[in-house]
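J.:
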Amino acid sequence: MKTKEALLHEIEAILTYKPENKTSINPNYLEFLEIEDLENIKKGLLNKMGKLKEEDIAWLEQFKKYD
1313 MKTKEALLHE IEAILTYKPE NKTSINPNYL EFLEIEDLEN IKKGLLNKMG KLKEEDIAWL
1373 EQFKKYD
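Residue numbers for the sequence shown follow the working numbering, beginning at 1313 and rising by one.
Encoded structure:
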């Protein structure tokens, strides 16, 4: 099972799939979120990515391996 911190970093990575748009999330939010909440956020982001370039899809696939 993943930790909240690990899931938070994965969510940040998904939101920052283009390096010029780095996104960070305040870790204090972890106090209010459960692991299930974070997993649902991650899955929702992956589902909403829409049409992507082939290289972007390959990059995102690394996060699906851990579900």
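Idealized CB from N, CA, C, for every residue including glycine. Since we're looking at a predicted model, the values are computed, not measured.
#1: Using the Cβ count rule (16 or more neighbours within 10 Å means buried), how would you classify Lys1354?
#2: CB Phe1375 to CB Leu1358, shorter than 8 Å?
#3: Given a cut-off of 8 Å on the beta-carbon distance, is the pair Thr1335 and Leu1327 in contact?
#4: How about Leu1350 and Leu1319: do their beta carbons lie closer than 8 Å?
#5: Rounding to the nearest angstrom, what Cα-Cα distance links Asn1333 and Glu1324 in this structure?
#6: Answer with yes or no whether the minimum CB distance from Glu1346 to chain B is below 8 Å.
T.: From the atom records:
#1: Lys1354 is buried by the Cβ-count criterion.
#2: Phe1375 is a Cβ neighbour of Leu1358, given a cutoff of 8 Å.
#3: With contacts defined as CB atoms closer than 8 Å, Thr1335 and Leu1327 qualify as a contacting pair.
#4: Closer than 8 Å, so yes.
#5: Distance between Asn1333 and Glu1324, taken at the CA atoms: about 11 Å.
#6: The structure shown has no chain B; it contains just one protein chain.
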